[in-house]
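What follows is one structure encoded as structure tokens, with my remarks underneath.
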Amino acid sequence: MLDGNAMTSERSLLTRSNVLLVVGTLVAPWLLCQAYILTTAGDEPFETMPECDANSRNCAHLGGGADFRMEALSLIIDVPLIEVREHLDAYIESNNADVLVEEQDENSTYIHFVERTSFWRFPDDVVVAASVVDSTSTQIELHSQSRLGQGDLGVNPDRLEGLHAALVG
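The sequence shown begins at 180 in the working numbering and counts up by one.
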């Protein structure tokens, strides 16, 4: 049986300031990480298709003669460019990505956008170039790279596989 002092002591642990202290302690690492990301990984638009460094573990590329960490995906897809653009717009919207560069004409599309990982919000740059092959097919080149860190835990190759599937429809 608890005496009155033990119950009072137990209640004092649940004071508002103690709860705020615990919540603050749990949230502080995430807030510090967000501050670090905002100050060190600002947006830098890619005006041309980037390539992956030979030793990179945080980049993936498909097409343009520079495949890196990507295999067995077709560069020419049986989808007209106009539909590729529609699929790309839907992909960008569904992933809440931020477009940094967008250039297009009747025969080609180039777009650089930023996706962020769900919890830590790490920014990853994604670039898509697409050009008309004929009235029913399009050639694509895809690139994804993490701005921070030494490795991506397979996120960039997985992202490009998902993007490729979205473009094919």
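We put the beta carbon where it would ideally sit given N, CA and C, even for glycine.
- Counting other Cβ atoms within 10 Å of its Cβ, G242 reaches 16 or more and is therefore classed as buried.
- Remark: fewer than three beta-carbon pairs, one from each stretch, lie closer than 8 Å, so the segment 231-247 and the segment 278-298 are not flagged as touching.
- Taking the CA atoms as reference points, S273 sits about 20 Å from I319.
- Residue environment for V307: buried (at least 16 other C-beta atoms within 10 angstroms of its C-beta).
- By the Cβ rule, the segment 255-262 counts as touching the segment 316-332, because three or more pairs are nearer than 8 Å.
- Going by DSSP, P302 is part of the beta strand (DSSP E) stretching over P302 to D313.
- Judged by beta-carbon spacing, F247 lies within the 9 Å limit of C238, meaning their Cβ atoms are closer than that value.
- The residue from A345, A344, F301 and V312 with its alpha-carbon nearest to that of G330 is F301.
- Going by DSSP, S316 is part of the beta strand (DSSP E) stretching over S316 to S325.
- Taking C-beta separations shorter than 8 Å and ignoring five residues to either side along the sequence, the partners of R326 in its chain run A220, F301, P302, D303 and D304, following chain order.
- Considering only L210, T296, P336 and V263, the residue with the shortest C-alpha distance to G348 is V263.
- About 6 Å separates the CB atoms of M249 and P336; that is less than 8 Å, so the two are in contact.
- In this structure, D284 is the residue among D284, L210 and E340 with its C-alpha nearest to the C-alpha of S310.
- Its chain contains A345, L346 and G348 as the residues whose beta carbon lies nearer than 7 Å to that of H266, once the 5 sequence neighbours on both sides are disregarded; these appear in chain order.
- Annotation: the continuous alpha helix (DSSP H) that includes V334 extends over V334 to V347.
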